[in-house]
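First to last, the sequence lines map onto chains A and B. In terms of our numbering, the first sequence opens at residue 1 and continues consecutively. In terms of our numbering, the second sequence opens at residue 1001 and continues consecutively. No residue lacks a Cβ here, since even glycine has one placed at the ideal position from N, Cα and C. Note that this is a predicted model, so its numbers are computed, not measured. Written out below as structure tokens is the structure these notes cover.
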Amino acid sequence: EAGVAQSPRYKIIEKRQSVAFWCNPISGHATLYWYQQILGQGPKLLIQFQNNGVVDDSQLPKDRFSAERLKGVDSTLKIQPAKLEDSAVYLCASSSGQGIYGYTFGSGTRLTVV
Amino acid sequence: AQSVTQPDIHITVSEGASLELRCNYSYGATPYLFWYVQSPGQGLQLLLKYFSGDTLVQGIKGFEAEFKRSQSSFNLRKPSVHWSDAAEYFCAVFSPGGGGNKLTFGTGTQLKVEL
């Protein structure tokens, strides 16, 4: 089966600019996750979707981050405006059901804010 | 709230030597535990998982992990390390719940393999 697709792989922007990341999960996976991985840290969950509804966005900085999954398939994560501390790898993952058997991760988007 | 601690930030082993990566978790109920590996520039790949039953679980690439409830640990082991095992390893605990099922990661252990 095809894996989780993410684009772009790399992005460099200046602070205060906006940026968007795209994710296409494994076909049939109802649950989609966005994680932020800062260098030297473990991935941190930003937002979780079940189909096209938000299940958990408690750690999403909502003043600058937004995400949507309009048709319950692919998803977009946006940052506007970006700050230096947003430099990180943004990982998308998907799972079938509740995710109890583990998630499948994409290769990530490495964002550098200068 | 659940949490995971990986006490070793960096570990260096010689190729062919045995490996043990430590993981301690904090979770109120029976934990669902995972080990993932991340090679440079790649996403996370699932190595193995523990739900219940046999406390010694086998995974891919010759890795195994042992769940010890009394020590709140889930250490990853490999009898003989290969140079291709150099990567970052993450332990994670899964917590099902009404507020959203969540996979919480430790900070990772960077493994270097000396030839």
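| Any chain B beta carbon closer than 8 Å to Gln17 of chain A | no
Asn1075 of chain B, enclosing beta strand (DSSP E) - first and last residue: 1073-1078
Is Gly53 of chain A helix, strand or coil when you go by DSSP?
Strand at Gly53 of chain A.
- Task: Within 10 angstroms of the Cβ of Val113 of chain A, are there 16 or more other Cβ atoms? Answer buried if so, exposed if not.
- Result: By the neighbour-count rule (16 or more Cβ atoms within 10 Å), Val113 of chain A is buried.
Note to self: I believe Gly115 of chain A touches Leu91 of chain A by the beta-carbon criterion, under 8 Å. Please report the beta-carbon distance rounded to the nearest angstrom.
What the structure shows: Residue 115 of chain A lies beyond the range of chain A shown here (1 to 114); nothing can be said about it.
- Give the DSSP-derived three-state secondary structure of Ile1060 of chain B in the structure shown. helix
Using a Cβ cut-off of 7 Å, pull out every chain B residue sitting near Phe105 of chain A, in sequence order please.
Gly1043, Leu1044
Between Ile100 of chain A and chain B, is any beta-carbon pair separated by less than 8 Å? yes
Do you know offhand how far Gly40 of chain A's Cα is from Ala1017 of chain B's?
26 Å
DSSP on Ser95 of chain A, reduced to helix/strand/coil?
strand
_Nearest-angstrom Cα separation, counted from Lys62 of chain A out to Val1057 of chain B_ = 40 Å
Q. Around the C-beta of Tyr10 of chain A, are 16 or more other C-beta atoms found within 10 angstroms, so that it is buried, or is it exposed?
A. exposed
Exercise. Can you tell which of B:Gly1106, B:Leu1103, B:Ser1084 has the C-alpha that lies nearest to the C-alpha of Lys1112 of chain B?
Worked result: B:Ser1084
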